[in-house]
Amino acid sequence: MTGLFVMLLLVILLINRVLFLYSGRFLTYRTSTDKKVYEIGETIKVLPVIENRKPLTLPFLRVDEYYDPSFSVEVNSYSLVLMPYQRVRRTYELKAAKRGLYHVEAASLKLGDFLGFYETYQEIPLKVPVVILPEKKKLQKIVIPYRSFQGEVTVKRWIMDDPLMIRGIREYTGAESQRYIHWPSTLKYDQLMVKQFDFTAEKSVLLFLNLETAKPFWKNPDLEAMENAIVIMRAVMEELTSKNIPFSFASNAYNDHESQRGYYFPPGLSKESLRKYNEILGKMGKVIAMPLEESLKGFTRNRHAYQTFVLVTPGVLEEYLSPLRSFSKTFGRSVVLSAREENLNRLPKEMEVYKGGF
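Under the numbering used here, the first residue of the sequence shown is numbered 1, with each subsequent residue one higher.
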């Protein structure tokens, strides 16, 4: 009787061992999210799928999913028993409080036998990307005119001359029509001066997002000002789209496509373009491809393609002042929206200047 019991026990142990050796075969695990792009604080649904594709039961499976530390949950763990040819779908929820490109990083599978004698592990790299967009805010709520005479914040003021609304006099740059020369001021200042009008109609705009906050850029970067500039840029693009004003988007943020330095997209107007640009804003890091001064040189060569240049920047560094003065004379109408206030008083008077109101 004892011998029979021992033999039965050995058979059970052998079967248990064989089943364990095959437990990891034809076992698949994958995960995804319900979409790729989310607003801050929006629920992110993670959708893992585990499938046992063999005629043997998997008696014990523990899954540990590892998420980016910026998510509300860093590790999600659960245990399963998988019957033959069974597929299990789960749904778990996460949230993110900051803009950025994050990942569902990896998963670890722990497999065990019926009797608890054996266990083995499988590490599965995932890198499922999740993009969190910058905060969505109304432009009028986050920027205010730096100079009191500029009036209400509206993108239509930046676009087209209205000859019935003369706002002042400025130097002639060569880009203006000669019929707008103001002869009394020309005689007074002994140089050509032209009328400066208010802006009401619609033409294309060149938007440029500068992410440089210091020289060199990696030395104590002002991350808060950088984030505020990104929020301002989204607000500007949302406003231009709502007013049906076509715009081009460019930035000196680092672009991981090796063939490109920064970002540049030609003028257009569509909700799909806005979606794409917002996603790029969400993915941006804190590394730049080139300084602002270098970017301005390239735009000067294409000044006739746009009516207005709009610079969104974390701040105006001392090194920007001379290049911006030269640029505004060559390019024409220029608008600056800065998250920080320093040096705004030193920008050319003909520039429209706004400061962050965060």
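Each residue gets a CB set at the ideal place from its N, CA and C atoms; glycine is no exception.
Predicted, not measured: the structure shown is a model, and the values here were computed from it.
Helix, strand or coil at residue i [DSSP, three-state]
i	result
Q260	coil
G356	strand
A225	helix
E238	helix
A305	helix
M233	helix
Y29	strand
Y118	coil
V81	strand
K36	coil
L206	strand
I142	helix
K95	coil
Buried/exposed call for residue i, threshold 16 Cβ in 10 Å
i	result
S242	exposed
E119	exposed
Y189	exposed
G298	exposed
V11	exposed
A305	exposed
R170	buried
Y354	buried
H364	There is simply no residue 364 to check, as the chain begins at 1 and stops at 358 in what is shown.
Q307	buried
P314	buried
L164	Its pLDDT being 45, under 50, L164 is placed unreliably by the model, and nothing is read from it.
R25	exposed
A214	exposed
N252	buried
F5	exposed
S338	buried
Y38	buried
Those residues which DSSP pairs with residue i across a bridge
i	result
R87	E51
A253	I288
N278	DSSP lists no partner for N278.
C-beta contact flag for residue i and residue j at 8 Å
i	j	result
S295	G262	yes
A235	L139	yes
L101	K283	yes
L109	L58	no
E319	E293	yes
Y85	R53	yes
L344	Y146	yes
I124	A97	no
V287	L311	no
L47	D68	no
L80	L19	no
R340	G356	yes
L207	S273	no
Enumerate, from N- to C-terminal direction, the unbroken alpha helix (DSSP H) stretches of 4 or more residues contained entirely within the region 299-346.
321-331
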